[in-house]
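Participant: Below you'll find the structure I mean.
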Amino acid sequence: MEIKDNAFSRQFETTVDGKLIILEYSFQEKKIFLTRLNVPDGFADEEFINELLHAIMANAYERKLKVVPILPKIAAFFRKNPTYKDLLPPGIKL
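The structure is reproduced here in structure tokens:
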């Protein structure tokens with residue numbers, strides 16, 4: 000999976016079956032806030048979204064960022080994948 004970090008638009012972008020999937024973000028200090036997930040109408044491939052989030056967490060590790068999950072889907076990802084809990088800033092419990 001190829002993920003493009005479009006810093007100008009503040010979003011991660013990837014395609015599946017020719018359709019664009021976008022995860023919007025914002026930065027504050029050394030934290031990345033994952034704010035909005037845009038998928039095409041009718042897109043229901045949860046495994047693809049899960050792979051996308053794994054790749055974004057790896058990117059956060061590389062960049063030494065803390066991740067603030069704004070979306071319920073991303074909070075659920077952290078609950079299902081406790082190995083990433085060290086990416087959460089102090090004080091955030093899911």
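0 is the number of the first residue of the sequence shown in numbering that gives the first Met the number 0; add one for each residue after it. Backbone N, C-alpha and C fix where the C-beta goes; we use that ideal spot for every residue, glycine too.
Looking only at its own chain, which residues have a Cβ that is under 7 Å from the Cβ of Val-38, when we skip the five neighbours before and after it?
Facilitator: Ile-20.
Participant: Give the DSSP-derived three-state secondary structure of Asn-80 in the structure shown.
Facilitator: Three-state result, Asn-80: coil.
Participant: By a C-beta neighbour count over all protein chains shown, 10 Å radius and 16 as the cutoff for buried, is Pro-68 buried or exposed?
Facilitator: The residue is buried, with at least 16 neighbouring Cβ atoms inside 10 Å.
Participant: For Pro-88 versus Lys-30, is the C-beta distance shorter than 7 Å?
Facilitator: In contact: Pro-88 and Lys-30 (Cβ atoms closer than 7 Å).
Participant: Does Leu-52 pass the burial test, meaning 16 or more other C-beta atoms within 10 Å, or should it be called exposed?
Facilitator: Under this definition Leu-52 is a buried residue.
Participant: Under a three-way DSSP split, which group does Leu-86 fall into?
Facilitator: Residue state, collapsed to three classes: helix.
Participant: Taking the beta carbon of Met-56 as the centre, do at least 16 other beta carbons fall within 10 Å, making it buried, or is it exposed?
Facilitator: Buried: at least 16 other Cβ atoms inside 10 Å.
Participant: Around the C-beta of Phe-26, are 16 or more other C-beta atoms found within 10 angstroms, so that it is buried, or is it exposed?
Facilitator: So Phe-26 ends up on the exposed side.
Participant: Anyone know if the C-beta pair for Glu-12 and Lys-3 falls short of 7 Å?
Facilitator: Yes, the pair counts as a contact, with Cβ atoms nearer than the cut-off.
Participant: Taking its Cβ as the centre, do 16 or more other Cβ atoms sit within 10 Å of Tyr-60, making it buried, or is it exposed?
Facilitator: The residue is exposed, with fewer than 16 neighbouring Cβ atoms inside 10 Å.
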